[in-house]
Amino acid sequence: MTTTRHTGSDEGRTEASARGNGQGAVPLSAQDSLGISSRTELRPIHQIGAELGLDEDLIEPYGRGVGKVDLAAIDRLADRPQAKYILVTAITPTPLGEGKTTTAVGLSQGMARTGRRAAVAVRQPSLGPTMGIKGGGTGGGWSQVVPMERLNLHLTGDIHAVTAAHNQLAAMVDNHLHRGSPSGLHPERVTWRRVMDVNDRSLRQIVSGLGPAGGGPTANGPVRQTGFDITAASEVMATLSLARSLEDLRARLGRIVVGTTGDGEPVTAEDIKAAGAMTVLLKEAIRPNLLQTVEHTPALVHCGPFGNIATGNSSVVADLIGGRATDYLITEAGFAADMGAERFFNIKCRISGLAPDAAVVVATVRALKVHSGRHRVVAGRPLPEGMLRESPEDVRTGAENLRAQLRIIRRHGVTPVVAVNAFPTDFPSEHEVIAQVAAEEGARCAVSTHFADGGAGAADLADAVAEAAEEPSEFRFLYSDEAPLVEKIETIATQVYGADGVDLSPAAAKDLAAYTEAGYGRLPVCVAKTHLSLSSDPKLVGAPSGWRLPVREVRLSAGAGFVYPICGTMQTMPGLGSSPAAESIDIDDDGQAIGLF
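The sequence shown begins at -14 in my numbering and counts up one residue at a time.
Below, the structure is given as structure tokens:
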């Protein structure tokens, strides 16, 4: 199968749209993506804002092509109709990623190409993965948010503000202990760590307070074991992403639990008088960032909570603004439907009050081949030769994962659409299998070439999504607020992951009882597990059955407003790989960044 490249006004577009057998196709490289970004002629940010109906006084420019949107826009747009709310999620990804952000961006451009007003809302990339193996998170090829370099690096400083607010609390915790702990916070029961937006495994576990005594044995604070997480894993990041207003943010920050007294009573940021200063540090960061795609559709970029232990979704305030500013708001959730989409439905939508009209499930041929159990891929290495051969049988076998993800969407009463993110190595017969599976599950399906062809390559997908969004919405939560915490965990395990049940460790059972007794029983749950499998075992591909979800402990994010059961080993501070992207990132003779992707 070969698609026709849209020429129009897209002069200079790389010839990379041959699809199917991979013959003669030259995929765009990471450096091509950076080049596309640097060659894109940015429209003034107030012009992008005007397309959203945002008055000029609501946008504060931050250099070329970037602006901060004032939260007053929420009230000023309140009388406008609610946009069709579209979630972009995926099947269980391989370590390579399946192009979910690229598809979300491409879909927004496809909506514009087909005469529809649309905007996209995505998370801000973390510097750690950008400098590591994963790379940035701005989309790619002819479906990316620009300026790509600024977005993948510091943007408007929001992530640094989260780092500062988090570490301000950590400093005040240690100072509180140094002053004799008026709240009764026990030094050995402090749970609040520090954060940094880098991948640095050596900081996972440290001892603080060491050094020459100077003026006395406690001059450097109490000696205690602690550690660092990456900023995306900070509860402050999750809290910022779920706050509905500055006042709501202030209240949520005050509820953050930093540890307990010797009797097990929670001690909060409010108790040690830190929440006010944290809010001031985040006063600018709570305002969403406005950018544009390479085809100038508006893009709201805000927050970046971890996808494993937090919601993995962009902010509530970005969606509250975007939802009244256009006709189609496309938002993306981290990882697959069992992870990001489930949390989008049961945590983010519960807080925002918004209800999705349709959900796009991104699928790739290569991932479905991996889910057949007959192939394996490794990040940073070429695809195995066997995966490059035509094999619709492998795709059909692996499509059990696609079926499971579609059923998760249906279980929440939302209409799904399958988006086949096409690669040059795909074959028409393999795309046909995916379409057949989608039809068998009652879902629309469209092959999309947005990476190579931009919005023109996503036109069919845009039509399918628009049709799906017109179907009557029956959105529903998976569980009620009143359900016991253990019942919420069991519901997710059995109805979303396909587990036979849940096995609580004694520590986890004790945690749940303590949180319920302390008044946190009505909170939703955010299960922390691997993103590489529907199960808790990253080695199990497809749609595993005959297994039980092991919960070894349960932690509390009182500020963000959820509890998170830990199922497996979660690294909240990643390490750098043997050949991190940072080794290839540099400045050329013209002062331009090279090596970002």
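Cβ atoms here follow ideal geometry from the backbone N, Cα and C, with glycine treated the same way.
query = Based on the DSSP output, what are the partners of valine 548 in its beta bridges?
reply = Within the sequence shown, numbered from 1, the residue matching residue 548 stands at position 563. Answer is Val510, Leu541.
query = Near arginine 178, which residues of its chain fall below 8 Å by C-beta distance, leaving aside the five closest residues on each side in sequence?
reply = The residue you call residue 178 lines up with position 193 of the sequence shown. Taken in chain order, the residues that qualify are Ala155, Thr211, Gly212, Phe213, Asp214.
query = What whole-angstrom Cβ distance do threonine 25 and valine 279 have, given they're in contact under 8 Å?
reply = Within the sequence shown, residue 25 is the residue found at index 40, counting from 1. Within the sequence shown, residue 279 is the residue found at index 294, counting from 1. About 5 Å separates the two Cβ atoms, so the contact holds.
inquiry  = Quick check on the DSSP output: what are the complete beta strand (DSSP E) runs of length 3 or more inside the segment 439 to 510, in order along the chain?
reply    = 487 to 489
request  = Excluding the 5 residues preceding and the 5 following serine 564 in the sequence, name in chain order all residues of the same chain whose CB lies nearer than 7 Å to its CB.
outcome  = Counting from one through the sequence shown, the residue named residue 564 turns up at place 579. For serine 564, where only same-chain residues beyond five positions count, the Cβ hits under 7 Å are Gly365.
message = Using C-beta distances below 7 Å, list every residue in its chain close to serine 530, excluding the 5 sequence neighbours before and after it, in chain order.
response = Against the sequence shown, residue 530 aligns to sequence position 545. Only Gly483 meet the Cβ criterion.
ask   = How close, in whole Å, do the beta carbons of valine 510 and tyrosine 549 come, if the pair is a contact with beta carbons under 8 Å?
value = The residue given as residue 510 occupies position 525 in the sequence shown. The residue given as residue 549 occupies position 564 in the sequence shown. So it is a contact: roughly 7 Å between Cβ atoms.
Start-to-end residues for the beta strand (DSSP E) that takes in arginine 209 = Taking the sequence shown and counting its residues from 1, the one referred to as residue 209 is at position 224. Note, arginine 209: beta strand (DSSP E), 209 to 211.
ask   = Just how far apart, CA to CA, sit glycine 576 and leucine 138?
value = Residue mapping note: residue 576 aligns to position 591 of the sequence shown, counting from 1. Residue mapping note: residue 138 aligns to position 153 of the sequence shown, counting from 1. If you take the alpha carbons of glycine 576 and leucine 138, they lie about 16 Å apart.
query = Using the beta-carbon count (16 or more within 10 Å), is aspartate 573 buried or exposed?
reply = Position 588 of the sequence shown, counting from 1, holds the residue named residue 573. Classification of aspartate 573: exposed, given that the 10 Å Cβ count is below 16.
message = Out of Ala270, His161, Arg209, which one is the CA nearest neighbour of leucine 140?
response = As a working mapping, residue 140 is identified with position 155 in the sequence shown. Checked all of Ala270, His161, Arg209; the closest Cα to leucine 140 is Ala270.
inquiry  = Would glycine 544 and arginine 240 qualify as a contact pair, given that the criterion is a beta-carbon distance under 9 Å?
reply    = Here residue 544 refers to the residue found at position 559 when the sequence shown is read from its first residue. Here residue 240 refers to the residue found at position 255 when the sequence shown is read from its first residue. Yes, Cβ-Cβ distance for glycine 544 and arginine 240 is below 9 Å.
ask   = When the distance is taken between beta carbons, is glycine 244 closer than 9 Å to valine 363?
value = Indexing the sequence shown from 1 puts residue 363 at position 378. Indexing the sequence shown from 1 puts residue 244 at position 259. Going by C-beta atoms, valine 363 is not nearer than 9 Å to glycine 244.
inquiry  = List, from N- to C-terminal side, the alpha helix (DSSP H) runs of 4 residues or more that fit wholly inside the segment 172 to 259.
reply    = 220 to 227, 231 to 240
message = For the alpha helix (DSSP H) containing proline 377, name the first residue and the last one.
response = The residue you call residue 377 lines up with position 392 of the sequence shown. That run of the alpha helix (DSSP H) goes 377 to 396.
ask   = Count the other CB atoms within 10 Å of the CB of serine 166; is the residue buried (16 or more) or exposed (fewer)?
value = Within the sequence shown, the letter at position 181 stands for residue 166. Buried, since its Cβ has 16 or more Cβ neighbours within 10 Å.
query = Helix, strand or coil: which one does DSSP assign to arginine 49?
reply = Against the sequence shown, residue 49 aligns to sequence position 64. It is coil, neither helix nor strand.
key: Nearest neighbour of glutamate 538, chosen from Asp323, Trp532, Val265, Val512 [CA to CA]   = The residue given as residue 538 occupies position 553 in the sequence shown. That would be Val512, whose Cα lies nearest to the Cα of glutamate 538.
key: Local conformation of arginine 328 per DSSP, three classes   = For the purposes of this step, residue 328 is taken as the residue at position 343 of the sequence shown. Helix.
task = Return the bridge partner residues of lysine 69 from the DSSP annotation.
result = Position 84 of the sequence shown, counted from the start, is the residue given in the question as residue 69. DSSP, once it has assigned bridges, lists Tyr313 as partnering lysine 69.
ask   = For glycine 124, which residues from the same chain have a beta carbon less than 7 Å from its beta carbon, with the 5 sequence-adjacent residues on both sides left out?
value = Here residue 124 refers to the residue found at position 139 when the sequence shown is read from its first residue. Here the set comprises Thr86, Thr87, Val90, Val130.
query = Can you tell which of Glu455, Thr434, Pro457, Glu456 has its C-alpha closest to the C-alpha of leucine 583?
reply = Coverage of the chain is limited to positions -14 through 582, which leaves residue 583 absent and any answer about it impossible.
request  = Can you tell me which of the three DSSP states glutamine 153 falls into?
outcome  = The residue given as residue 153 occupies position 168 in the sequence shown. Helix.
query = How close, in whole Å, do the beta carbons of arginine 388 and leucine 368 come, if the pair is a contact with beta carbons under 8 Å?
reply = Residue 388 sits at position 403 when you count from the first residue of the sequence shown. Residue 368 sits at position 383 when you count from the first residue of the sequence shown. That pair is no contact at about 24 Å.
ask   = Apart from the five residues just before and just after proline 172, which ones in its own chain have a Cβ nearer than 7 Å to its Cβ?
value = Along the sequence shown, one-based indexing puts residue 172 at 187. So the qualifying residues of the chain are Leu162, Pro207, Arg209.
inquiry  = If I follow the unbroken alpha helix (DSSP H) through proline 413, where does it start and stop?
reply    = For the purposes of this step, residue 413 is taken as residue 428 along the sequence shown, with counting starting at 1. Run containing proline 413: 413 to 425, per the alpha helix (DSSP H) assignment.
message = With distance defined between alpha-carbon atoms, name the residue in Gln94, Pro110, Ser111 nearest to alanine 104.
response = Indexing the sequence shown from 1 puts residue 104 at position 119. Minimum Cα distance to alanine 104 is reached at Gln94.
request  = Please state whether DSSP places isoleucine 294 in a helix, a strand or coil.
outcome  = In the sequence shown, counting from the first residue as 1, residue 294 sits at position 309. Three-state DSSP puts isoleucine 294 in coil, outside helix and strand.
query = For glycine 325, which residues from the same chain have a beta carbon less than 7 Å from its beta carbon, with the 5 sequence-adjacent residues on both sides left out?
reply = For the purposes of this step, residue 325 is identified with residue 340 of the sequence shown, where counting begins at 1. Excluding residues within five positions, the ones whose Cβ falls inside 7 Å are Thr74, Gly292, Gly297, Asn298, Ala318, Gly319.
key: Per-residue DSSP class, three states only, for valine 301   = The residue labelled residue 301 in the question sits at position 316 within the sequence shown. Three-state result, valine 301: helix.
task = For alanine 384, count neighbouring C-beta atoms within 10 Å of its own C-beta (all shown protein chains included) and say buried if the count is 16 or more, exposed if not.
result = For the purposes of this step, residue 384 is identified with residue 399 of the sequence shown, where counting begins at 1. Alanine 384 comes out buried.
Close-in-space but distant-in-sequence residues of the same chain around glycine 358 (CB under 6 Å, 5 per side omitted) = Locating residue 358 in the sequence shown gives position 373, counting from the first residue. Excluding positions up to five away in sequence, the list reads Val526.
CB-CB length for histidine 145 against valine 221, believed under 8 Å = Working through the sequence shown from its first residue, we reach residue 145 at position 160. Working through the sequence shown from its first residue, we reach residue 221 at position 236. Contact doesn't hold; Cβ gap of about 12 Å is too wide.
ask   = Can you tell which of Asp304, Thr264, Lys258 has its C-alpha closest to the C-alpha of proline 273?
value = Start at 1 with the first residue of the sequence shown, and residue 273 comes out as number 288. Comparing Cα-Cα distances from proline 273 to each of Asp304, Thr264, Lys258, the minimum goes to Asp304.
task = Starting from arginine 135, trace the alpha helix (DSSP H) both ways and give me its first and last residue.
result = Translated into positions along the sequence shown, residue 135 becomes position 150. First-last of the alpha helix (DSSP H) with arginine 135: 133 to 137.
task = Quick one: grab the DSSP three-state call for serine 166.
result = For the purposes of this step, residue 166 is identified with residue 181 of the sequence shown, where counting begins at 1. Three-state result, serine 166: coil.
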